[in-house]
Amino acid sequence: MPLVPMRILLDHAAENAYGLAAFNVNNMEQIQAIMAAAKETDSPVIIQASRGARSYSQDAYLRHLMLAAAELHPAVPIAMHLDHGNAPSTCFSAIEQGFTSVMMDGSLDEAGKTPSTFDYNVEVTQQVVDAAHAKGVSVEGEIGALGGIEDGHGAGLSEAEAQEHLTDPDQAEKFVAATGVDALAVAIGTSHGAYKFSRKPTGDVLRMNLIEEIHRRLPDTHIVMHGSSSVPQELQDIINAHGGKLRQTYGVPVEEIQRGIAHGVRKVNVDTDNRLAMTGAIRTVFADDPEQFDPRKYLGPARDAMQGVCVARMTAFGQAGNAGKIKPVTCKEMVTFYKK
Ligand SMILES: [Zn+2]
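Residue numbers 13 to 352, in this note's numbering, belong to the letters of the sequence shown in order.
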């Protein structure tokens with residue numbers, strides 16, 4: 013099956029009231045872990061790469077690894093998505109490289125460090141929507157700014173500062189009308205990275221009620237939750253029990269994500285949990301078997317650990333069991349859909 017535009021996966025998820033995890037990748041083992049989990053659970057797949065991941069893995073490696081995933085798993089619809097494109101040119105180069113979906117994050121300026129103006133955001137996002145939809149490629153936009161930094165991208169807002177850049181539902185409505193994005197990332201108090209919350213989040217810091225309000229106003233827009241790793245205690249413990257030194261931290265509880273999915277969230281970005289799982293597995297091998305020096309002996313367990321996280325999220329978000337139900341559509345075929 014060729015790679016599919018993300019829009020068809022989100023539409024199917026909306027019609028059937030489930031959410032899709034979007035997992036970040038930058039190497040072969042991570043792609044293999046996601047695909048093994050998809051096979052195990054019959055899940056459609058969103059794999060995403062940030063600008064940092066693209067430069068780390070190099071576009072050509074990434075493209076061919078994704079094509080290998082599609083070749084080896086013909087029954088699984090896979091969307092390949094650019095995470096946090098910082099400028100239209102970044103989105104355009106991703107489209108040239110075969111990405112079937114791009115995020116234009118105009119909530120920050122091009123350097124990806126400072127919150128931008130609403131007008132700037134609309135302008136750059138519009139440009140990307142026009143060019144992407146003409147090729148059948150899906151577009152995610154963002155309104156409001158998240159906390160933390162991801163792969164060098166982010167204003168580095170603290171947990172408290174992030175509360176000042178939450179998505180304004182009024183602006184969200186105007187933004188979607190002006191740009192025609194397929195999906196909208198919203199800021200509801202989550203942050204990128206492992207250190208999201210200093211205690212288990214409650215409704216005053218993790219504003220799930222904002223999602224409900226945005227969904228009420230934009231019932232046909234697919235909502236995206238960023239920074240939505242759950243940062244499970246047991247993964248932190250495995251790392252710290254084997255020489256790691258993570259500070260105690262809290263993520264977004266899976267039950268809160270499920271509440272979001274009940275209110276229009278269709279894409280849930282998960283990266284940190286997979287990083288923690290892989291790191292814990294590698295640390296365990298190194299601690300238990302210090303003589304080991306075969307990369308397969310630690311990258312293999314790391315891959316297995318990530319697969320476990322992916323299976324758990326795919327199941328919890330409800331995407332499990334749906335791969336076989338989706339009629340694949342190519343980007344080319346999608347062009348007519350956008351013309352209407
Ligand atoms: Zn993000």
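Note that CB positions come from ideal geometry on N, CA and C, so glycine has one too.
Length of the line joining the Cα atoms of residue i and residue j
i: Ser55; j: Ala324; result: 12 Å
i: Met78; j: Glu267; result: 31 Å
i: Ser210; j: Ala317; result: 25 Å
i: Val347; j: Gly148; result: 4 Å
i: Thr112; j: Lys279; result: 15 Å
i: Gln245; j: Ala45; result: 21 Å
i: Gly192; j: Pro17; result: 16 Å
i: Glu83; j: Asp216; result: 46 Å
i: Gly159; j: His96; result: 14 Å
i: Gln139; j: Val198; result: 20 Å
Endpoints, beta strand (DSSP E) assigned at residue i
i: Glu152; result: Ser150 to Ile155
i: Lys279; result: Val277 to Val282
i: Ala195; result: Ala195 to Val198
i: Ser113; result: Ser113 to Met116
i: Ala61; result: Val57 to Ser62
i: Val236; result: His234 to Met237
Three-state class that DSSP yields for residue i in the structure shown
i: Ala91; result: strand
i: Val37; result: coil
i: Gly160; result: coil
Residue i classed as buried or exposed, judged by whether at least 16 other C-beta atoms fall within 10 angstroms
i: Gln260; result: exposed
i: Asp301; result: exposed
i: Thr129; result: exposed
i: Asn133; result: buried
i: Phe187; result: buried
i: Gln70; result: exposed
i: Gly118; result: buried
Presumed contact (8 Å Cβ cut-off) between residue i and residue j, rounded CB distance
i: Met237; j: Val277; result: 5 Å
i: Asn39; j: Asn334; result: That pair is no contact at about 27 Å.
i: Val321; j: Ala289; result: 5 Å
i: Ala91; j: Ile43; result: Going by Cβ atoms, the distance from Ala91 to Ile43 rounds to 13 Å, so no, they are not a contact pair.
i: Gly153; j: Ile161; result: Contact flag wrong, Cβ pair sits at about 20 Å.
Range of the contiguous alpha helix (DSSP H) that encloses residue i
i: Ile250; result: Gln245 to Ala253
i: Glu303; result: No alpha helix (DSSP H) holds Glu303; DSSP gives it neither H nor E.
9 Å Cβ cutoff, residue i in contact with chain C
i: Phe329; result: The structure shown contains no chain C; it holds only a single protein chain.
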